[in-house]
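First comes the structure, then the notes that go with it.
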Amino acid sequence: MPNYLIEPDAVQEDPDALEVASIWIAKQGLHCALNVGIYADHTQVDERVAWGVMIADMIGHLSHALRDVYGYEASQSKVAILNSLLKEIDVPTSELHGFFAD
Numbered sequence: 040m041p042n043y044l045i046e047p048d049a050v051q052e053d054p055d056a057l058e059v060a061s062i063w064i065a066k067q068g069l070h071c072a073l074n075v076g077i078y079a080d081h082t083q084v085d086e087r088v089a090w091g092v093m094i095a096d097m098i099g100h101l102s103h104a105l106r107d108v109y110g111y112e113a114s115q116s117k118v119a120i121l122n123s124l125l126k127e128i129d130v131p132t133s134e135l136h137g138f139f140a141d
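The numbering used here puts the first residue of the sequence shown at 40, with every later residue one more than the last.
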């Protein structure tokens with residue numbers, strides 16, 4: 040049985056809420072479902088930039104969670120996460136596989 044995260048209250052309160060990413064560890068690997076194309080009707084929004092903002096926001100929330108759970112300094116966690124991210128982009132630890140589903 041999969042372990043699901045609890046949805047934030049705002050998601051349950053907003054009928055227009057939209058899931059943009061789901062990340063799983065399964066079969067000893069990382070598996071992602073990404074909602075690409077959410078800005079297709081918004082010519083003033085560069086979706087690449089929007090995803091960067093979402094990832095940065097996730098890093099901020101994660102650094103605060105690591106502070107609260109383990110006592111790590113949030114600013115040091117941001118640096119560690121960013122360094123790991125850049126290293127993984129430059130030298131991936133695994134190949135990307137997948138497909139685009141409408």
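Using N, Cα and C, we set each Cβ at its ideal position, and we do this for glycine too.
Fair warning: this is a prediction, and the values are worked out from it, not measured in the lab.
Residue 65 and residue 73 closer than 8 Å at C-beta: For this step, residue 65 is matched to residue 26 along the sequence shown. For this step, residue 73 is matched to residue 34 along the sequence shown. The answer is no: Cβ separation not under 8 Å.
Three-state secondary structure (DSSP) of residue 77: Position 38 of the sequence shown, counted from the first residue, corresponds to residue 77. Reduced to three states, the DSSP call for residue 77 is coil.
Proximity below 8 Å, CB of residue 95 to CB of residue 78: For the purposes of this step, residue 95 is identified with residue 56 of the sequence shown, where counting begins at 1. For the purposes of this step, residue 78 is identified with residue 39 of the sequence shown, where counting begins at 1. Contact: no.
For residue 57, three-class secondary structure by DSSP: For the purposes of this step, residue 57 is identified with residue 18 of the sequence shown, where counting begins at 1. Residue 57: coil per DSSP, three-state reduction.
CA-to-CA distance, residue 110 to residue 121, given in whole angstroms: The residue labelled residue 121 in the question sits at position 82 within the sequence shown. The residue labelled residue 110 in the question sits at position 71 within the sequence shown. Each residue's alpha carbon lies about 19 Å from the other.
CA nearest to the CA of residue 41, picked from 116, 63, 128: If you number the sequence shown from 1, residue 41 lands on position 2. It is 63 whose Cα lies nearest to the Cα of residue 41.
Beta carbon of residue 123 nearer than 8 Å to that of residue 105: Indexing the sequence shown from 1 puts residue 123 at position 84. Indexing the sequence shown from 1 puts residue 105 at position 66. Inclusion of residue 123 and residue 105 in the CB contact set at 8 Å is not warranted, their separation being larger than that value.
Nearest to residue 58 (by Cα), restricted to the options 67, 69, 68, 76: Stepping through the sequence shown from its first residue, residue 58 is reached at position 19. Comparing alpha carbon positions, the residue from 67, 69, 68, 76 closest to residue 58 is 76.
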